[in-house]
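Trainee: With the numbering used here applied, the sequence shown corresponds to residues 102 to 218, in that order.
Glycine included, C-beta positions come from ideal geometry on N, C-alpha and C.
Just so it is clear, the structure is predicted and the values come from calculations on it, not from any experiment.
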Amino acid sequence: MIQIILLVAGIFTAVRLPKLLRRASADYPGVDPDAFQRWHQADLKSAYAFLIATWGALAVQIVVLIAAGTATGVSQDLTFLYVGYAISFLVFLGPLIWAAILGSKAARLKKEAGITK
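Encoded structure:
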């Protein structure tokens, strides 16, 4: 179930990514181009970190499930699955925290630049 949630959350961000990449300082008249660039880069980094968090954790979970299903005796050993899911959780949590930090920085830079949309 968590795999589906991670996939959908990543898809929403991936669909939004082309719009983020197309932003230009010309779209924001009256905003300092350097301030725009700093905000834009922080916002993009936040989106990339969130994609790594969601799809990276999903990839780790898929690898763990495939390894558990194909390895002899591993499926009987729940320790393997617990370790795999713990690694998956760390792969999710680390970039998620990093995305939140970058998102907060982007929001602060946006406010400082006077960007309203």
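Runs of 3 residues minimum, wholly inside the stretch 114–142: which ones carry the beta strand (DSSP E) assignment?
Mentor: Counting whole runs of 3 or more residues, the stretch 114–142 contains no beta strand (DSSP E) stretch at all.
Trainee: Of all the options F190, T155 and Q142, which has the alpha carbon lying nearest to the alpha carbon of L210?
Mentor: For L210, the nearest C-alpha among the options comes from Q142.
Trainee: I'd like to know whether the C-beta atoms of T114 and L152 end up nearer to each other than 7 Å.
Mentor: Result yes, Cβ atoms of T114 and L152 sit closer than 7 Å.
Trainee: Hey, would you say A110 sits closer than 7 Å to S147, going by beta carbons?
Mentor: No, the Cβ-Cβ distance between A110 and S147 is not below 7 Å.
Trainee: Should L191 be labelled buried (16 or more other beta-carbon atoms within 10 Å of its own) or exposed?
Mentor: Exposed.
Trainee: Quick one: does the C-beta of L166 sit closer than 6 Å to a heavy atom of the ligand PLP?
Mentor: In the structure on display, the ligand PLP does not appear, and there are no ligands present to speak of.
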